[in-house]
Amino acid sequence: MKSTVQSTTYLVFSSVLLMACNQNNQPAQQRKTDQAITVPASTSTNSQPSKYAPYTTDEVYSKVNRLQYIVEHEAEFHPAVVKEAQFYLEIWELDSASLQAMMEADLDPDNSEFNNDDAVEPEPQSFNVRARIYGRESQSAFNVPGAIEYMLEIQSTDDRDFVLQDLKINRGHCGFYTGDFKSKLPVTMRYSATVSYLLRCRGDQVIDIELITDQGDFSLDISSN
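Structure, rendered in structure tokens:
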């Protein structure tokens, strides 16, 4: 009887110890479980959406840069286009409606329709040349003896080279022949280079001469001898 009581007492004591151990271990397990839940949550908060939603930051600043280009190069675009670009640059940060208006605006510096066709183009720079028209006895065997033919002589007095591509004499109404091989068009005109052309009209009939060059078109002042 005595041994039975002791065994029962031992079993009860063991059960109490086992329950105590389970209670001591429970908070540690619970803390591990809590940590496993909170780690993904803290990681997800680091990925913030764009403050310009539904547009990305790159889309917004790309649009802003294009509008700034229009404003900075205003001479290349219609005044109305420049004014509209300035307007959107001033308001786009105010609210979402202003941002949307800017993003949907059909303004692009690459659109040729927005170019300013009235922009003043720089004047072509003229060259220093001398020209004269002189008469000489005809060297053609087909002309009667003593016949006079008229020559146009052009000489460059400019340090810059240019290419003489064509001539317009009396707005193209007076034709010409190449006076010699070195005058064949197009010809590069360097300092002191001289070219000659046989006119198909009388020298006193020449009113104006226009040089067609790679640098632009220029009118000539001529003298007759």
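Residue 32 is where the sequence shown starts when you use my numbering, and the numbers rise one by one after that.
Just so it is clear, CB atoms sit at the ideal spot from N, CA and C, and this is done for glycine as well.
All values derive from a computational prediction rather than experimental measurement.
Separation of residue j from residue i, as counted between CA atoms
{"i": "T74", "j": "T87", "result": "Its pLDDT being 39, under 50, T74 is placed unreliably in this model, and the value from its coordinates should be taken loosely. Looking at the two C-alpha atoms, the distance is approximately 22 Å."}
{"i": "D65", "j": "K94", "result": "With a pLDDT of 44 at D65, under the threshold of 50, the modelled position of this residue cannot be trusted, and the question is left open."}
{"i": "V102", "j": "M133", "result": "14 Å"}
{"i": "K114", "j": "D190", "result": "45 Å"}
{"i": "E105", "j": "N159", "result": "35 Å"}
{"i": "P110", "j": "I253", "result": "43 Å"}
{"i": "Q236", "j": "F193", "result": "28 Å"}
{"i": "Q246", "j": "S143", "result": "25 Å"}
{"i": "D248", "j": "V91", "result": "46 Å"}
{"i": "R202", "j": "D239", "result": "7 Å"}
{"i": "L216", "j": "Q186", "result": "14 Å"}
{"i": "H204", "j": "L98", "result": "50 Å"}
{"i": "F108", "j": "L138", "result": "11 Å"}
{"i": "Q196", "j": "N146", "result": "31 Å"}
{"i": "E168", "j": "R233", "result": "13 Å"}
{"i": "W123", "j": "P85", "result": "14 Å"}
{"i": "D89", "j": "A136", "result": "17 Å"}
{"i": "S227", "j": "T219", "result": "14 Å"}
{"i": "R163", "j": "T188", "result": "14 Å"}
{"i": "R231", "j": "L198", "result": "13 Å"}
{"i": "S157", "j": "Y222", "result": "14 Å"}
{"i": "R161", "j": "G206", "result": "20 Å"}
Segment limits, beta strand (DSSP E) that includes residue i
{"i": "F249", "result": "247 to 250"}
{"i": "Q236", "result": "Unbroken run through Q236: none, as it is neither H nor E."}
{"i": "F228", "result": "Before going further, note that residue 228 is Tyr rather than Phe in the sequence given. Note, Y228: beta strand (DSSP E), 225 to 230."}
{"i": "G163", "result": "In the sequence as displayed, the identity of residue 163 is Arg instead of Gly. 160 to 168 is the extent of the beta strand (DSSP E) around R163."}
{"i": "F193", "result": "193 to 200"}
{"i": "Y208", "result": "207 to 209"}
{"i": "R218", "result": "It is worth fixing the name first, because residue 218 is Val in this sequence and not Arg. Segment 218 to 220, the beta strand (DSSP E) holding V218."}
Boundaries of the alpha helix (DSSP H) in which residue i is found, first to last residue
{"i": "V112", "result": "110 to 122"}
{"i": "Y83", "result": "Per DSSP, Y83 belongs to no alpha helix (DSSP H) and is neither H nor E."}
{"i": "S187", "result": "Here S187 belongs to no alpha helix (DSSP H); instead the beta strand (DSSP E) covers 179 to 187."}
{"i": "E135", "result": "127 to 135"}
Buried/exposed call for residue i, threshold 16 Cβ in 10 Å
{"i": "I200", "result": "buried"}
{"i": "T244", "result": "buried"}
{"i": "V175", "result": "exposed"}
{"i": "L125", "result": "exposed"}
{"i": "S250", "result": "exposed"}
{"i": "P140", "result": "buried"}
{"i": "A128", "result": "exposed"}
{"i": "A224", "result": "buried"}
{"i": "S171", "result": "exposed"}
Cβ-Cβ separation, residue j to residue i (assumed contact under 8 Å), whole Å
{"i": "Y165", "j": "E184", "result": "7 Å"}
{"i": "L130", "j": "Y83", "result": "6 Å"}
{"i": "M182", "j": "L242", "result": "Not really, about 16 Å apart at Cβ, beyond 8 Å."}
Cβ contact (3+ pairs, closer than 8 Å) linking the stretch 202 to 215 and the stretch 119 to 127: When Cβ pairs closer than 8 Å are counted between the two stretches, the stretch 202 to 215 is seen not to touch the stretch 119 to 127, the count staying below three.
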